[in-house]
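J.: Under my numbering, think of the first position of the sequence shown as -15, with each following residue one higher.
Where is the CB? At the ideal position from N, CA and C, for every residue including glycine.
Could you have a look at this structure, given as structure tokens, before my questions?
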Amino acid sequence: MTFQCLPPTEFAATCMCGCGEPHWGWGPHAPSSLLLLSLLCTAPLGLLGGETRQVSLEVIPGWPGLPQSLLHIRAVGANSTLHYVWSSLGPPAVVLVATNTPHSVLNVSWSRLLSPEPDGGLRVLPEDSVQFSSALIFTRLLEFDGTNMLDVAAEPLGKPYPPYSLAEFSWNNITDSLDPASLSATFQGHPVNDPTGAFANGSLAFKVQAFSSSGRPAQPPRLLHTADTCQLEVALVGASPRGNHSLFGLEVVTVGQRPECPSMREQHSIDDEYAPAVFQVDQLLWGSLPSGFMQWRPVAFSQKQRSRESALPCQASPLRPSLVYSLPQSPIVQAFFGSQSNFCSFNLTFGAPTGPGYWDQHYLSWSMLLGMGSPPVDALSPLILGILAVALGAPGLLLLGGGLILLLRHKQHSEYQSIN
-15 MTFQCLPPTE
-5 FAATCMCGCG
5 EPHWGWGPHA
15 PSSLLLLSLL
25 CTAPLGLLGG
35 ETRQVSLEVI
45 PGWPGLPQSL
55 LHIRAVGANS
65 TLHYVWSSLG
75 PPAVVLVATN
85 TPHSVLNVSW
95 SRLLSPEPDG
105 GLRVLPEDSV
115 QFSSALIFTR
125 LLEFDGTNML
135 DVAAEPLGKP
145 YPPYSLAEFS
155 WNNITDSLDP
165 ASLSATFQGH
175 PVNDPTGAFA
185 NGSLAFKVQA
195 FSSSGRPAQP
205 PRLLHTADTC
215 QLEVALVGAS
225 PRGNHSLFGL
235 EVVTVGQRPE
245 CPSMREQHSI
255 DDEYAPAVFQ
265 VDQLLWGSLP
275 SGFMQWRPVA
285 FSQKQRSRES
295 ALPCQASPLR
305 PSLVYSLPQS
315 PIVQAFFGSQ
325 SNFCSFNLTF
335 GAPTGPGYWD
345 QHYLSWSMLL
355 GMGSPPVDAL
365 SPLILGILAV
375 ALGAPGLLLL
385 GGGLILLLRH
395 KQHSEYQSIN
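Printed below as a string of structure tokens:
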């Protein structure tokens, strides 16, 4: 459904919804109708629906004898194509590429990709159609002892345990979790060497999901997605913490060819309809819009039944430039960008020393959106808009009704003539 909103004339207001109906005359309900009309006119496009793309999700056939580890999401629009290439070769990583043609394709050379120098092993053709490219690498799973930590935002975050390098995890065959119906797949892994047995009954999972149109997931944090985005859900399940009140986190690395780091912004709202008690959306932006973005609510959950009672705070550290030799290497990132890349990193930490935590059920989940173009903008739902229209329109109707009653009484009084 599309909405075409026209300015009201002196005597009437018209709202066209698809076929151009209905029409409102200038009657007693006009104030509330016009208010609802104006609220809908100011709603962002993300609320009313966006561009639809033809989205495909495929596993790129790999080297014989090795687990399938390369997932390609291709979202084709009228004049553009978005490519998301996810991989568990080395640490989990994703390469984002936007082109200005609906005919761009992914080219993979496995012999180069698996070599010590993978430069050129991953390309999007034609190369001159590429308008934007970047990458994210999830390098380490962090763990802190939060027993004596009074403030989750304080530095340091408590005693750090040795981090788990995700490049040293063993990951599943991605084909086994591929679900074309929901456009999703899951990378699930555990450390190759686990001397303490922390992951004997546990795993770390990265669930990737694409979308062909706008909408929201059924469970919190219910981020608004479009066809230009895909969603990542990270879940730590069943792993034994090394402390009684361990806080977990992720080290995230951004990759690009610009010398400066991406910017991080906070968006605040008065509405928590989609994520109770959460009035903020955090964003990481590459350069000026439209480019690439990462978007999330600063909340994680300690139970599968995500509710306000199981919500955990999520803190992001400032972005900082990082030296490439200090980071676990991602073959697909090096294959696409070569050695002339700039790396920045930041940490995401989930939980607080008090309240719900991973220690409750040995469960932690966090979700984010990754996309290209302009980030989706949260807005009031049609239900809330309707409530506002009624709430704000009712006083106007009361004033109008009161004015009419006073006018009629004055008219009746003036009809009586003096006997003198």
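What number of angstroms, rounded off, separates the C-alpha of Pro12 from the C-alpha of Leu383?
T.: Because the pLDDT at Pro12 is just 38, under 50, the model does not fix this residue reliably, and the point stays unresolved.
J.: Based on Cα-Cα distance, which residue from Gln318, Gln203, Val262 and Val317 lies nearest to Cys298?
T.: With distances taken between Cα atoms, Cys298 lies closest to Val262.
J.: Are the stretch 311 to 321 and the stretch 104 to 123 in contact at 8 Å, needing three or more beta carbon pairs?
T.: Taking 8 Å as the limit for Cβ pairs, the verdict is that the stretch 104 to 123 does touch the stretch 311 to 321.
J.: Comparing C-alpha positions only, which one of Ile57, Pro315 and Pro379 sits nearest to Arg96?
T.: Checked all of Ile57, Pro315 and Pro379; the closest Cα to Arg96 is Pro315.
J.: On the premise that Val218 lies in contact with Trp70, defined as a C-beta separation below 8 Å, what is that separation, rounded to the nearest angstrom?
T.: With a Cβ gap of about 13 Å, Trp70 and Val218 do not count as contacting.
J.: Suppose you measure from the CA of Asn157 to the CA of Val221; what does that come to, to the nearest Å?
T.: Roughly 19 Å between the two C-alpha positions.
J.: Which one or two residues does DSSP pair with His174 in a beta bridge?
T.: His174 pairs with Ser154.
J.: Here's the rule I'm using: 16 or more other beta-carbon atoms within 10 Å means buried, otherwise exposed. How should Ser53 be labelled?
T.: Under this definition Ser53 is a buried residue.
J.: Tell me the DSSP secondary structure of His209 in three-state form.
T.: Correct three-state label for His209: strand.
J.: In terms of alpha-carbon separation, which member of Pro175, Leu162 and Ala169 lies closest to Leu150?
T.: If we check each option's Cα against that of Leu150, Pro175 comes out closest.
J.: Under 8 Å, with one C-beta from each stretch per pair, do the stretch 278 to 298 and the stretch 336 to 354 reach the 3-pair mark?
T.: Enough Cβ pairs lie closer than 8 Å, so yes.
J.: Taking Leu307 as the reference, which of Thr65, Gly385 and Val239 has the closest Cα?
T.: Among Thr65, Gly385 and Val239, the Cα nearest to that of Leu307 belongs to Val239.
J.: Apply the 10 Å Cβ neighbour rule to Ile389 and answer buried if 16 or more other Cβ atoms are within range, or exposed otherwise.
T.: Answer is exposed; the Cβ neighbour count stays below 16.
J.: So what does DSSP say about Glu244, is it helix, strand or coil?
T.: Three-state result, Glu244: coil.
J.: When the Cα atoms are used, what is the spatial distance from Leu216 to Pro337?
T.: Going from the Cα of Leu216 to the Cα of Pro337 covers about 26 Å.
J.: If Met278 and Met352 are in contact, beta carbons under 8 Å, what's the gap, nearest whole angstrom?
T.: The Cβ separation is near 6 Å, so the contact holds.
J.: Measuring only the C-alpha atoms, how far is Phe(-13) from Thr36?
T.: With a pLDDT of 31 at Phe(-13), under the threshold of 50, the predicted position of this residue should be treated as unreliable, though the coordinate-derived value follows. Taking the straight line joining both Cα atoms gives about 17 Å.
J.: Do you know offhand how far His252's Cα is from Gln193's?
T.: Roughly 26 Å between the two C-alpha positions.
J.: Is it right to say Ser197 is buried, meaning 16 or more other beta carbons lie within 10 angstroms of its own, or is it exposed?
T.: Classification for Ser197: exposed.
J.: Measuring alpha carbon to alpha carbon, tell me which residue in Phe116, Pro359 and Gly385 is nearest Asp266.
T.: Minimum Cα distance to Asp266 is reached at Pro359.
J.: Take Pro76 and list the residues in its own chain whose beta-carbon comes closer than 7 Å to its own, dropping the five residues that flank it on each side.
T.: Hits under 7 Å: Phe122, Leu150, Phe171 and Phe190.
J.: Going by the beta-carbon positions, is the gap between Ala211 and Ala59 smaller than 8 Å?
T.: Yes, the Cβ-Cβ distance between Ala211 and Ala59 is below 8 Å.
J.: If I follow the unbroken alpha helix (DSSP H) through Tyr342, where does it start and stop?
T.: Where Tyr342 is concerned, the enclosing alpha helix (DSSP H) stretches over Tyr342 to Gln345.
J.: If you reduce the DSSP assignment to three classes, tell me which class Pro360 lands in.
T.: Residue state, collapsed to three classes: coil.
J.: Here's the rule: buried if 16 or more other CB atoms are within 10 angstroms of the residue's CB, otherwise exposed. What is Arg281?
T.: It counts as buried.
J.: Could you tell me the boundaries of the beta strand (DSSP E) in which Asn117 lies?
T.: Here residue 117 turns out to be Ser, not Asn, going by the sequence shown. Val114 to Asp129 is the extent of the beta strand (DSSP E) around Ser117.
J.: Using only CA atoms, which one of Gly385, Leu269 and Pro243 lies nearest to Arg249?
T.: Selected option, being the one with the closest Cα: Leu269.
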